[in-house]
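Sequence positions in the sequence shown follow my numbering and run 3 to 449.
Report on one structure; see the data block that follows.
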Amino acid sequence: MNSATPRALLIKGALVLTMDSALGDIAHGDVLVEGKRIAQVGAALAAPPDAEIIDGRGMILIPGLIDSHTHMWQAPLKGLGVGLWGTPDYQKHVFPLREKFTPVDMHDACFAAGTEMLDNGITTVLDFCHNTMTPAHAEESIAAHQRTGQRVLFSYGMLGGFSTLAADHPWRLAQVRELAAGLGSDSLVQLGLALGSLEYSGLDLVRTEIELGRALGLPMTFHQNPPAQIRQLGEAGLLGGDLLPVHANLAADDELEMLAACGAGISFTVEGEFGGGRAMNIIGRAHRAGVTPSLGIDIPSRVALDLFAQMRLTFQVMRAEEALAERITGRWPLARHPGTPHAEPRHMLEYVTVNAARAVGRGHELGRIAPGFLADLVLLSTGPYSMSLGDPAAHVAFQSTPADVDTVIVDGVVRKREGRLTALDRSDAAHATRRVRERVLGVRSVA
Ligand SMILES: [Zn+2]
């Protein structure tokens, strides 16, 4: 499916949210796509001969949504993580299931997740694959990603079985080298590195992973849960803009300064943070400290593959935190004053476009609708019940749902048109999910 030859596309008459500071919003905008990239953005653009014309009138055109942290192998386990109480519950009831996943299960799970995410307007995802139990687990995950046409930063997990972390380290490092050499630089599926967690792997193993990642030029990410780990990495000289911490809820102010100083972001996974009972104020603290936030769905066993919901919840969390801080300082009733409130609706769309593109190491060519950028685009219907008043980015963050995703374009190829996937079939994804459930859980799905 990735072999589909992109032809010129001209999207006409949409409300274009370019997310580019120079281009801004364009009320009745046209976007010309030639090959994999955006050629022109403006109004009343001329169509090249043989271009496909896409009528964007009455719709909002946004950059494809980018998820900076999801464990795609968990998609068939949808529902199992709901209602769990904190990390120990999760590590007892969900995480051990990874050992029951065979390479075939990884393939089916990644295919099902990628299909659903594309359908929901998520054109790029960082797949934090912490289930590389054998080399074939990684190979089958990548093979599935190559079938969907989604752009994937396949972040190879260094965290395998806890008792064999050190023993398994050499073959994992060797496979990372091999995969890095095999995936072409213009391939939709790129390689990243999901580091071992410092509390399990220790600094020496993690240092080796970071050094390999830097030698190969791979974007890297890691789960950051216990306190003081960012400082530990900083003091070891290992932090960098190519290293994306996830959660980081307990980061101290000096650690946020370290991240900001090296241009690093954080990935905030609001429903995952709720489920883990983690400190939610990190998102506002990071934003105010100049650390670039992006959003992730994290665990599909608990969270729907829906970035619109993550935008909405994140905004409410940020505003709630600011309101709480105002009350604690005795200010009542709430009133605006310089710097408060800090979170604005449009920030949410930035988190899942411009910022998330940086998080996956592609800020120079993803996350904006601008000439030269890769043509990953989503047209959103505004539905029969009228567009929001005010900022159209707020409409996307507060009113849109996956049901509004009309058209999805990745790498200049239309993957969804007028509400229907073009080359993928929803039922294939559903069958893949059922197969995993039968093999891993021994259950037959009701539906
Ligand atoms: Zn995670």
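Note that the Cβ used here is the ideal one computed from N, Cα and C, for glycine as well.
Note that the coordinates shown come from a computational prediction; the quantities given were computed from them, not determined experimentally.
With distances taken from CA atoms, which of Leu220, Ala372 and Asp300 is nearest Val191?
-> Leu220
When every heavy atom of ligand 1 is checked, does at least one fall within less than 7 Å of the C-beta of Phe130?
-> yes
Run through DSSP, which three-state label would Ser383 get?
-> strand
Do the CB positions of Asp129 and Val154 come within less than 8 Å of each other?
-> yes
Per DSSP, cross-strand counterpart(s) of Gly194 | Ser157
Beta-carbon proximity of Leu336 to Thr316, cut-off 8 Å = no
Candidates Ala395, Val208, Met350 and Glu273: which alpha carbon is nearest His289's?
-> Met350
Within the region 290-333, note down every full alpha helix (DSSP H) run reaching 4 residues or more, in order along the chain.
-> 309-330
Within 10 angstroms of its Cβ, does Glu275 collect 16 or more other Cβ (buried), or is it exposed?
-> buried
Give every residue of the same chain whose Cβ lies closer than 6 Å to the Cβ of Leu79, excluding the five residues on either side of it in the sequence, and list them in chain order.
-> Ser303
What's the C-alpha gap between Pro105 and Glu211?
-> 23 Å
Just mark Cys264 as buried or exposed, buried being the case when its beta carbon has 16 or more other beta carbons within 10 Å.
-> exposed
Quick one: what does DSSP say Ala53 is sitting in, helix, strand or coil?
-> coil
Please say whether Ile56 and Leu11 have beta carbons closer to each other than 8 Å?
-> yes
Within this structure, are the beta carbons of Leu67 and Gly123 separated by less than 8 Å?
-> yes
Determine the direct distance from the alpha carbon of Arg419 to that of Arg437, and round the result to whole angstroms.
-> 28 Å
Is it true that the CB of Ala372 sits closer than 8 Å to the CB of Thr117?
-> no
Are the region 324-331 and the region 375-383 touching, with three or more C-beta to C-beta distances below 8 Å?
-> no
Where the alpha helix (DSSP H) containing Gln152 begins and where it ends | Note, Gln152: premise wrong, no alpha helix (DSSP H); not H, not E.
Buried or exposed for Ser451, please, with buried defined as at least 16 other CB atoms from any protein chain shown within 10 angstroms of its CB.
-> For residue 451 there is no data in the structure shown, the boundaries of the chain being 3 and 449.
Report buried or exposed for His451, applying the criterion of at least 16 other Cβ atoms within 10 angstroms of its Cβ.
-> An answer regarding residue 451 cannot be provided, because it is not within the stretch 3 to 449 covered by the chain.
8 Å contact criterion, which Gly286 and Met260 should meet: CB distance rounded = Going by Cβ atoms, the distance from Gly286 to Met260 rounds to 18 Å, so no, they are not a contact pair.
Of the listed residues Tyr158, Gly31 and Lys102, nearest to Ala182 (C-alpha basis) = Tyr158
Answer yes or no: the CB of His349 versus the heavy atoms of ligand 1, is any distance below 7 Å?
-> no
Roughly how many angstroms lie between the CA atoms of Val293 and Thr150, to the nearest whole one?
-> 32 Å
Using beta-carbon positions only, say whether Ser269 and His71 come within less than 8 Å of one another.
-> yes
Assign Ser429 to one of two classes, buried (16 or more other C-beta atoms within 10 Å of its C-beta) or exposed (fewer than that).
-> exposed
The region 174-181 in contact with the region 223-243 per 3-pair CB rule at 8 Å = no
Endpoints, the alpha helix (DSSP H) within which Glu275 is located = Val272 to Gly277
Cys25, DSSP secondary structure in three states = For the sequence presented, residue 25 should be read as Leu rather than Cys. Three-state DSSP puts Leu25 in coil, outside helix and strand.
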